[in-house]
Every structure is written in structure tokens, then in C-alpha cells.
Amino acid sequence: MHMKTMSIALAGAILATGAAAQEITIESWRNDDLALWQEKIIPAFEAAHPGITVNFSPTAPAEYNAVLNSKLEAGSAGDLITCRPFDASLALYDAGHLTDLDDMEAMSNFSDVAKSAWQTDDGSASFCVPMASVIHGFIYNADAFAELGIEVPSTEAEFFAALDKIKEDGTYIPMAMGTNDQWEAATMGYNNIGPNYWKGEEGRRALIAGEQKLTDEAWVAPYATLAKWADYLGDGYEAQTYPDSQNLFTLGRAAVYPAGSWEISGFNAQADFAMGAFKPPVQNAGDTCYISDHTDIGLGMNAASANPEAARTFLAWVGSPEFASIFGNALPGFFPLSNTPVELEDPLAKEFIGWRGECESTIRSTYQILSRGTPNLENDTWGASVAAIKGTESPADLGAKLQEGLASWYAPQQ
Amino acid sequence: MSRIRWHIVVFLAPAVIVYTAVMIFPLFNTLRLALYSRVDQERIFVGLQNFQSLFGDPIWSDQFWNALGNNFWFFIIHMLVQNPIGIALAAILSHPRLRFAALYRSAIFIPTILSFVIVGFAWKLILSPIWGIAPSMLDFVGLKSLYAPWLGKEEYALTTLALVSVWQFVGIPMMLIYAALLSIPEEILEAGEIDGITGASSFWKIKLPLILPSIGIISILTFVGNFNAFDLIYAAQGALAGPDFSTDILGTFMYRTFFGFQLQLGDPHMGSAIASAMFAIILVGVCIYLFGIQTRMRRYQL
């Protein structure tokens, strides 16, 4: 009854304004952010753009790609598509499901690196508006560090010395990470510390160009460092899952958490101790530092959208500094990619984003182009990082195996 | 017989139509899909090329044989653990002087009706090195040293999951054998008693031969179930079937290939090739049973 009165009132309001309301729907895997979209982002947009109603309709992350593909094939997908970075979205563009957005003015608000995740290989077409990136590093229990008298490490030697000290004391598990789910070892392990070895973009581009190989020292050395981590992980880390690690840290049982910035809002809610963050340690004091500042979310337009104008209006707004500021502050840890600097309020998020000024940014090494073939380099890197930590294979063997897999289908590496 | 018996057609139609739509058509379409590939957004006919790479290209064949080998180990554990325990439980339950038999029967059968997701999650928690009760229970009896993070170790993970699956499904062979045991007439057992066959030997000499056909059915159900298995591994270890593919069975391999995983894009054609191979394996297994074993099994008129 109440619903009915509401909709009649709504219909009345629309008739009164005389504008035909356009409804647009957003497909997304960020079901965690549903409340944020409904309470903050969409009302802000609708207030500025009467006549367009926006509907945020997320799917579970693990099912998103499959669900979205079937919806697009069937023609029932929403007007706006949240874009995974690189090949998943490129495949959608190539199949004609996403519109080329190069002519949009808002695209000039983004740097080339930010746009690179949603461009054709030659950069001739951009098909998603960059929304946010995530930065890797380590989050630590500041109370524990103070209690044990440990300085925040900046070099690798200091890093392991700190872990030794925590281990010796015995109150805390030095580092909270498990290898059960595999991806943390690659994402928060290998691609977290790795850029310091392969010098960020320089090494990543050389690998894509075929000038460096995965058997080179720069690509093998991170595995040797990961092998040293095993001593500092909790008992039975082999069967420890990702949520286990999160809980171990937020319950205050572990001192260091190899992290991605997306953890910030969850950790803020869960942990009742002071937290800080430090960037991946460099080998020698004074070395240039490199961070993984990974382009993670974009927003594109369904080529078959029934309301292309409304969809474009929304996209233009997503490209604006106003959106960047709402989004960045509502979701600390997802950093807007817009060129206009955004003032963040969360101290931990500020810490992470501060590294952009001190270090060179890069993205995860396996994401662009290199995970297109079979065997899939990203998936293989998961297995290799786990094997490195467990010590079941030597770093050199892992490098050789990955190189062989990559070379089997990727011409520049042959 | 020139007259068509319409009532037969009419009565068969609903079942035939539904079965064709949801089983036969998808099956043949999967077999057909396996003969195609996608090149530059075009679907083209490639004949048996997908199967060639599945069995000939080490990138695919290594994974396939690994999954098949793991699948056989999964099946062997079920045959060696689940079915004997199921038969033993049925024999005990059918003992006329056992009290609370109905209670035990329900308790043992209940896990079978639980969802795989619940079973996978519950056992992951039980065995967890951090929050699990397994380490503390072993500690309680002084055997903490026996504890290992089983699900995270390459050498134990698959066996552990097979045993979890046994725990879940032991009720099925138990129920089927229990029903078979109840259908054995008292007179036969009494006749045996007169001839001096009592107690355990009445089980081995009279009951077991009479329930052999049921054991055969259970074996084939186990075989088909195990080679189609997917849910428990996926729920407990994810689509990559870790650690290091040590729990990868044909179902998870097929899922990963068909739907894609993380950055790996789905390949419905290669996935269909794997599904076809699974179908062939199950078909061969069932045929061996039907023609090689079942026809030779002795049956007794009760």
C-alpha cells in the first residue's frame, strides 16, 4: 500500500516536471559498496541531474564476469558496465559491447597511465572512465610496534630485523598471510614487493616488449625474498585463508599485514588498535621506491544501451572532480584516478596515497597483455608465489617455469 | 500394428519433452560445441583440434592427467572407505537387538542432505590451524604433534577432502544396503541356522552374497558421482583447486576452463571438450560395469 502511494506520488512528480524520466542501470561486482552508492553517490548525481534515475545493481565478485557476459549476449545488461582492468574489458570492447568514449571531454581529466587499463593495445580507443586504483603496501599494528619498540622499516634489512624481533618476543604472529587461497601470495606478496626489484614501469614494459625475461634476476629475486617470509607466518599458514588473515590481524594477534589499500575501510571498522602503513621496503636506504598503484575499477557504457544520453551524462559526472571527492572519501583505499588532487580524510588512506609523491607508480606486472594466453601468467604467478613461500621449488626453477609458459604463446618472448 | 496408439504418445510426451530439453539437447550441444573454436570473434569449426590439444599439448594434457589421476584417487578412497563403512553400518543397524537404531540411522544420514557449501565451510573451520577444533582436540588427547594443516599441504589435501566427502555421503550406501538386508527373508537365515551358520558367518555366507547386486549399484553410483564431483572441492579450495592443483579434479578443471578464472578468460569450446572427455570416461566406466560385471553377477530368487 505504502509502495503504491509512493509510486503514484513519484509518477505525479515526474508528470508535474514534464520531463520524461530516464532510468539507467549500473552493472557492478562491488556488492560491498551497495549502501555507499545508494546513500551517497546516486543521490548526489540525481540532485544535480533531475530527470535521470540511477539504479545500482551489483553481482557477487566471483560471478560478475560470467553473469555480465551472459547478460550482454542476451541483451539484458544494464546501461553502464563497471569495468575490470585490461583484457576482460578489452574483450567486451572487441566484441562490440562497450562504446568508445574517446570523444568525451571528461576523459581529459585522466593521465595516460590511468587510462591504459581500458584502452586498446595501440591506445586508439578508450572504453571506460577510470574510477579508482588500489595501492599495495604493508599495514602494521602501531600499538604492537610501540610496545616492542620497533621502528617502521624502510629497507629490506630493517624489515626482516623487525620481523625477527616480533618473532623473538612471541606475543604477536609477525606477519598475517596464508597460502591457502593463493592469490594473496601473488598479489600482496610478489606484486607488492616486486616493483622495487624490476623498477616498476621500466621492468614491466621491458617484459611486455620482450627485452627482459622472467628468468632475469629482477623477476626471480622477489621469489627468493618471499621464501624468507615462511618463517614469519603463523602456524599452519598453508591452510590459512584470506579471511583468516584479515581476522588474525584485526583481532590484534598479528603485527604486520601485507595489504592492498582496499582493506582500509574494513580494518577501520574491525580493529580497535592504532594502525599505520609502510611501503614495500627497498634494498638499500636511499633507493628509488616503486609502488604498485593498480588501476582497478572503471565505468563503461553498454553499446546497446537504450538511454545512451543519460548514460553519457552519468559517465561525464563520474569523470568529474566532484565524483572523485565523494568516491575517494566514502571508500578510503580506493583512490580516484582523476588528475585533480582529492583531499582524503582517512589517515591510513592518506598514508597510502602519500607514496604517490615519493615513489614511482606502476601496475601489477601480469595484468596488461601478458595474461592473455594459455597458460595464464597471472594464475601461474599465484602458484609460483605460493611455491616460493612454502619452499617447494627454488626461485630459479619458478622463473624458468613461468618463462617457458609465457614464451609458449607470447611472440615477443620467443 | 498400423494403428498408432496415441495414448502412449500422449503419456510419454511430457517426460520425453522435458528430458530432451533439459538433458539430451544440452548434452549433444556440449559435444557439438567441443568441435568449434573462437578465432577473432568468429566461431569456426575445427573438428577434433580441441581434443588434440587436450591430449597432445603439455599445457593442457598435464592438467588433464593430473585431474584424472586425482579423480581416480578420490574414487578409490570412496570405494575403500565409504562403501565398506556403509555396509558395516547397515549390518550393525539391521541387527534386531540394537537399540535406538532409528536415531543412529537418521544421524548418519543427515550430512547427506546438507549443502556442499556448508560441508566444505564447516570442515574448513574444523580443520583450520587457527580457529579449528581439530588441533585443540588432538592436543586434548596429547597427540598435537599429529596435527598438520591438512588442507594446505599438497600431499594430504586431496585425501582429506575425499574423507570429508565420505563423511558426508556414507549415509547413502548405508541406506541402500540396509534396505537390501531388510528384504532378506527370515526363513533363509533360519534355514542357515539349522545348518549351523550363525552370527558373523551368516553375514559373510548368506547376507553378503544376497546384497552383492546392491553393492554393485552403489559402486557405480559412487563412480558416476565422483567423476562428476566439483562442488566440495570448489567450496573448500576454490577454482584453482590448491595447493598447487593437488585437489584439481575433472569437474574443477572443466569449470576453470569453461567459465574462466580471474584473468583467465573462459573458453566454452575447450571447456566442452573437457566435459565431453568426462562424459566418455563415465560412459566407459558404466559400460564396463553393465556388460562386464552386472551380467555375470549371480542373482538369487528370494
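Protein chains in written order, with this note's numbering: chain H, 1 to 414; chain Y, 415 to 716. For every residue, glycine included, the Cβ atom is placed at its ideal position computed from N, Cα and C. A quick note: this is a predicted structure, and the numbers were derived from the prediction, not measured.
message: What residue range does the beta strand (DSSP E) around GLY260/H cover?
response: For the purposes of this step, residue 260/H is taken as the residue at position 260 of the first sequence. Residues 254-260.
Nearest candidate by alpha-carbon position, reference SER365/H, set LYS199/H, GLU309/H, THR225/H and PHE160/H: Looking up residue 365/H in the first sequence gives position 365. Here the closest residue by C-alpha is LYS199/H.
message: Buried or exposed for GLY566/Y, going by 16 or more other Cβ atoms inside 10 Å?
response: Here residue 566/Y refers to the residue found at position 152 of the second sequence. Answer is buried; the Cβ neighbour count reaches 16.
field: Opening and closing residue of the alpha helix (DSSP H) in which ILE166/H lies
entry: Position 166 of the first sequence, counted from the start, is the residue given in the question as residue 166/H. Taken as a continuous stretch (DSSP letters only), the alpha helix (DSSP H) holding ILE166/H covers 156-169.
- request: Could you check the C-alpha separation between PRO682/Y and TYR714/Y for me, to the nearest Å?
  value: Position 268 of the second sequence holds residue 682/Y. Position 300 of the second sequence holds residue 714/Y. The alpha-carbon atoms of PRO682/Y and TYR714/Y are separated by roughly 48 Å.
message: For VAL318/H, count the other beta carbons within 10 Å of its own beta carbon; 16 or more makes it buried, fewer makes it exposed. Which is it?
response: Stepping through the first sequence from its first residue, residue 318/H is reached at position 318. The residue is buried, with at least 16 neighbouring Cβ atoms inside 10 Å.
message: Could you check whether the Cβ of GLY534/Y sits closer than 8 Å to any Cβ belonging to chain H?
response: Position 120 of the second sequence holds residue 534/Y. GLY534/Y does not count as touching chain H.
- prompt: How is the alpha helix (DSSP H) around PHE672/Y delimited, first residue to last?
  reply: Residue numbering aside, residue 672/Y sits at position 258 when the second sequence is read from its first letter. Taken as a continuous stretch (DSSP letters only), the alpha helix (DSSP H) holding PHE672/Y covers 664-673.
message: So the candidates are GLY399/H, VAL113/H and GLU23/H; which of them puts its Cα closest to the Cα of GLN212/H?
response: Translated into the one-based positions of the first sequence, residue 212/H becomes position 212. Out of GLY399/H, VAL113/H and GLU23/H, GLY399/H has the C-alpha closest to the C-alpha of GLN212/H.
message: Between the alpha carbons of PHE637/Y and ARG452/Y, how many angstroms are there, rounded?
response: Taking the first residue of the second sequence as 1, we reach residue 637/Y at position 223. Taking the first residue of the second sequence as 1, we reach residue 452/Y at position 38. Using only the alpha carbons, I get a separation of about 33 Å.
task: Mind listing, in chain order, the continuous alpha helix (DSSP H) runs of no fewer than 4 residues lying wholly within the stretch 555-642 of chain Y?
output: 571-583, 585-596, 600-608, 613-616 and 622-641
query: CB-CB under 8 Å to CYS701/Y, same chain, minus the five flanking residues each way: which ones, in chain order?
result: Position 287 of the second sequence, counting from 1, holds the residue named residue 701/Y. Excluding positions up to five away in sequence, the list is empty.
query: Excluding sequence positions up to five away, which residues of its chain have a Cβ less than 6 Å from the Cβ of LEU10/H?
result: Along the first sequence, read from residue 1 onward, the residue named residue 10/H stands at position 10. Only weak support exists for where LEU10/H lies, its pLDDT of 46 falling under 50; the coordinates are left without a value.
query: Assuming TRP118/H and MET175/H make a contact with CB atoms under 8 Å, what is their CB distance in whole Å?
result: Against the first sequence, residue 118/H aligns to sequence position 118. Against the first sequence, residue 175/H aligns to sequence position 175. Incorrect: roughly 34 Å between the Cβ atoms, too far for contact.
Within-8 Å CB hit, SER475/Y to chain H: Here residue 475/Y refers to the residue found at position 61 when the second sequence is read from its first residue. Closer than 8 Å: no.
message: Buried or exposed for GLU184/H, going by 16 or more other Cβ atoms inside 10 Å?
response: For the purposes of this step, residue 184/H is taken as residue 184 along the first sequence, with counting starting at 1. By the 10 Å Cβ count, GLU184/H comes out buried.
Contact list for LEU226/H against chain Y, beta-carbon separation under 7 Å: As a working note, residue 226/H is residue 226 in the first sequence. Within 7 Å Cβ-Cβ: nothing; LEU226/H doesn't reach chain Y, min ~15 Å.
- request: For PHE673/Y, go through chain H and note every residue whose CB falls closer than 7 Å to its CB, in chain order.
  value: Within the second sequence, residue 673/Y is the residue found at index 259, counting from 1. What PHE673/Y touches in chain H: ALA66.
- prompt: Going along chain H in order, which residues have a C-beta closer than 9 Å to the C-beta of SER542/Y?
  reply: Counting from 1 along the second sequence, the entry for residue 542/Y is found at position 128. Ordered by position in chain H, the residues that pass the 9 Å Cβ test against SER542/Y are GLY236, ALA239, GLN240, THR241 and ASP244.
- prompt: Tell me, which residues are paired with GLN22/H by DSSP?
  reply: If you number the first sequence from 1, residue 22/H lands on position 22. DSSP lists ILE52/H as partners of GLN22/H.
query: Would SER394/H count as contacting chain A if we go by Cβ distances under 8 Å?
result: In summary, chain A is missing from the structure at hand, where the protein chains are H and Y.
message: Is it buried or exposed, PHE429/Y, if we count other Cβ atoms within 10 angstroms and call 16 or more buried?
response: Here residue 429/Y is taken as the residue at index 15 of the second sequence, counted from 1. In the sequence as displayed, the identity of residue 429/Y is Ala instead of Phe. The residue is exposed, with fewer than 16 neighbouring Cβ atoms inside 10 Å.
- prompt: Taking 8 Å as the CB-CB limit, is VAL424/H close to chain Y?
  reply: Since the displayed chain H opens at 1 and closes at 414, residue 424/H lies outside it and no answer follows.
- prompt: Taking Cβ positions only, does ASP658/Y come closer than 8 Å to chain H?
  reply: For the purposes of this step, residue 658/Y is identified with residue 244 of the second sequence, where counting begins at 1. Output row for ASP658/Y: interface = yes.
- request: Output the distance between the C-alpha atoms of GLY170/H and TRP545/Y, rounded to the nearest integer angstrom.
  value: Here residue 170/H refers to the residue found at position 170 when the first sequence is read from its first residue. Here residue 545/Y refers to the residue found at position 131 when the second sequence is read from its first residue. Their backbone Cα atoms lie some 19 Å apart in a straight line.
- prompt: Would you say CYS417/H and GLY260/H are within 8 Å of each other, going by their C-beta atoms?
  reply: Examination of residue 417/H is not possible in this model, given that chain H is present from 1 through 414 alone.
field: Exposure of LYS115/H, with buried meaning 16 or more beta-carbon neighbours within 10 Å
entry: On the first sequence, position 115 is the one that residue 115/H refers to. That one is buried.
field: SER508/Y vs LEU596/Y beta-carbon contact at 8 Å
entry: Residue mapping note: residue 508/Y aligns to position 94 of the second sequence, counting from 1. Residue mapping note: residue 596/Y aligns to position 182 of the second sequence, counting from 1. In contact: SER508/Y and LEU596/Y (Cβ atoms closer than 8 Å).
query: With respect to the alpha helix (DSSP H) encompassing ALA142/H, which residues constitute its N-terminal and C-terminal limits?
result: Here residue 142/H is taken as the residue at index 142 of the first sequence, counted from 1. Where ALA142/H is concerned, the enclosing alpha helix (DSSP H) stretches over 142-148.
query: So is LYS558/Y in contact with chain H if we call contact Cβ pairs under 8 Å?
result: For the purposes of this step, residue 558/Y is taken as residue 144 along the second sequence, with counting starting at 1. Not one chain H Cβ lies under 8 Å of LYS558/Y.
- prompt: What does ILE135/H pair with, by DSSP beta-bridge criteria?
  reply: Residue numbering aside, residue 135/H sits at position 135 when the first sequence is read from its first letter. Its beta-bridge partners are ASP293/H.
task: Answer yes or no: does any C-beta atom of chain H fall closer than 8 Å to that of TRP581/Y?
output: Your numbering for residue 581/Y matches position 167 in the second sequence. With 8 Å as the cut-off, TRP581/Y does not count as an interface residue toward chain H.
query: On the three-state DSSP scale, how would you describe THR17/H?
result: Residue numbering aside, residue 17/H sits at position 17 when the first sequence is read from its first letter. A caution first: THR17/H carries a pLDDT of 44, below 50, which makes its placement in the model unreliable, though a value can still be read off. Three-state DSSP puts THR17/H in a helix.
query: Would a check of beta-carbon distances place TRP564/Y closer than 8 Å to chain H?
result: Walking along the second sequence from the start, residue 564/Y turns up at place 150. Yes, TRP564/Y lies at the interface with chain H (some Cβ there is under 8 Å from its Cβ).
- prompt: LYS621/Y versus chain H: which residues are under 7 Å apart at the beta carbon?
  reply: For the purposes of this step, residue 621/Y is taken as residue 207 along the second sequence, with counting starting at 1. Result: empty, since nearest Cβ-Cβ is about 42 Å, beyond 7 Å.
Cβ neighbour criterion (16 or more within 10 Å) applied to LEU697/Y: For the purposes of this step, residue 697/Y is identified with residue 283 of the second sequence, where counting begins at 1. Burial call: exposed.
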